[in-house]
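Here's the structure we're looking at; comments come further down.
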Amino acid sequence: MPALRTAASPRRLGGRWAALAAATVALFGASLALAPAAVAAGGSIGAVTVSAPATADEGDTVTVTIPVDASTDLYAYDLVVTFDPALLDFDDASATFPAGGHDTVTETAGSVQLTHTRLGSSPGLTGAQTLATFTFTALGGGSAAIQLAGATFVDSTGGTIALPAPVTATVAVTAAPTAPTPGATGTPSPTATASPTATPAPSGSGPAASDPLVATGGDPTGVLVAGSVAAALLALGIVLVIRRRRGFRSSTISQEVVR
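Under mature numbering (1 follows the signal peptide of the UniProt record, and there is no 0), read the sequence shown as residues -40 to -1, 1 to 219, first letter to last.
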């Protein structure tokens, strides 16, 4: 009987050790399973801001950055930016993100959604980061608000952190000067012109001012020719008359001599 008791004791002890070992393995396995959750719980995001120039002129390129001053296990994030489409135009394909990962840009009227995610087993981002950089074109004068209206940050296990409040940057845009509009054109006033002054004719070189030809502006050449012809005929007539008279006298004298 004592021998049987002695033989039975080692069997009982071995069973107890086996049970203890099984419990230890189970507890260790549970600790390993809980370890990733404890790491994931440490994902965090620091202060997020929006940076943009304070002033710009119409037609300028306005560069905007969205930085965060600290982060832990930042695996993905989604940013929603709103703006006034009458003052700013989002420049397509201008957005840049941290290197490595997949990026998506979705634009609607007055807003743009910017998404970045790491890929596969890539570690999440840690430390200060520039979450996104993009540009607008200034369209007109006014106070242009660029607001990070909402954001969601995701760690490597799917835990999320939301942006606590919107963040805004304001740009004062100066409109380009406009060309002056031409005024109404009135009827131009007539310009007084001086009457032409008659140039006096040189003395002895033309007809007097009382000459009708001068008054009428006619050509005196024909009149002069006609006058010359008339004068010649008159002279010829006078010569003929004189000759006739001389002939008449000669015949009278001859008759008297004969008598």
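No residue lacks a Cβ here, since even glycine has one placed at the ideal position from N, Cα and C.
Problem set entry | Unbroken beta strand (DSSP E) run spanning E67, endpoints | H62 to T68
Exercise. Looking only at DSSP bridge pairs, what is L34 linked to?
Worked result: L85
Exercise. To the nearest angstrom, how far is it from the Cα of A129 to the Cα of D63?
Worked result: 23 Å
Exercise. Excluding the five sequence neighbours on either side, which residues of its own chain have a C-beta within less than 8 Å of the C-beta of A46, listed in chain order?
Worked result: Excluding residues within five positions, the ones whose Cβ falls inside 8 Å are L99, G100 and G102.
Problem set entry | Neighbourhood of E18 by C-beta distance below 8 Å, restricted to the same chain and skipping five residues each side | A98, L99, G100, G101, V133, T134, A135 and A136
Exercise. For F57, which of helix, strand or coil comes out of DSSP?
Worked result: Here F57 carries a coil assignment [DSSP, helix/strand/coil].
Exercise. Just curious, the beta strand (DSSP E) that G110 is in, first and last residue?
Worked result: Its beta strand (DSSP E) spans residues G102 to V114.
Exercise. Would a C-beta distance cut-off of 7 Å place G3 and D115 closer than the cut-off?
Worked result: yes
Exercise. Of the choices R78, L34 and Q73, whose alpha-carbon is the least far from that of G61?
Worked result: R78
For this session: Under 8 Å by Cβ, that's how I've got A104 and L48 pegged, so tell me the actual separation to the nearest angstrom.
Result: 5 Å
Exercise. Looking at T9 and S131, is the spacing between their C-beta atoms short of 7 Å?
Worked result: Sequence inspection shows Val at residue 131; the Ser mentioned does not correspond to that position. It is not a contact, given that the beta carbons lie outside the stated cut-off.
Exercise. Just how far apart, CA to CA, sit D44 and S82?
Worked result: Going by the C-alpha atoms only, they are around 37 Å apart.
Problem set entry | Cβ-based burial, T141 [other Cβ within 10 Å; buried from 16] | exposed
Exercise. Run through DSSP, which three-state label would F94 get?
Worked result: strand
For this session: Please work out which residues of its chain come closer than 6 Å, Cβ to Cβ, to A109, disregarding the five sequence neighbours upstream and downstream, and give them in chain order.
Result: V40, T42 and P126
Exercise. With which residues is L47 paired in a DSSP beta bridge?
Worked result: Its beta-bridge partners do not exist; DSSP assigns none.
For this session: Measure the Cβ-Cβ separation of S11 and Q89 and say whether it is below 7 Å.
Result: In this structure, the beta-carbon distance from S11 to Q89 does not fall below 7 Å.
For this session: Hey, could you find the ends of the beta strand (DSSP E) residue 220 is sitting in?
Result: No answer is possible for residue 220: it lies beyond the span of the chain, which begins at -40 and ends at 219.
Problem set entry | Local conformation of A139 per DSSP, three classes | coil
For this session: Starting from T120, trace the beta strand (DSSP E) both ways and give me its first and last residue.
Result: T120 to A122
Exercise. By Cβ distance below 8 Å, which residues in the same chain neighbour G70 in space, the five residues on each side in sequence not counted?
Worked result: Around G70: T42, F43, D44 and P45.
Exercise. Whose CA, out of Y35, D51, F50 and T21, lies closest to the CA of T75?
Worked result: Y35
Exercise. Taking the Cβ atom as the reference point for each residue, do V28 and I106 lie within a distance shorter than 7 Å?
Worked result: no
For this session: List the whole-angstrom C-beta distance separating L85 from P58, where the pair is believed to meet the contact cut-off of C-beta under 8 Å.
Result: 6 Å
Exercise. Using a Cβ-Cβ cut-off of 7 Å (strictly less than) and excluding sequence neighbours within five positions of T21, which residues of its own chain qualify?
Worked result: Hits under 7 Å: T95 and T97.
For this session: Would you identify the three-state DSSP class for L99, choosing helix, strand or coil?
Result: coil
Exercise. For V40, which of helix, strand or coil comes out of DSSP?
Worked result: strand
Exercise. In angstroms, rounded to a whole number, what distance separates the CA positions of G118 and E67?
Worked result: 26 Å
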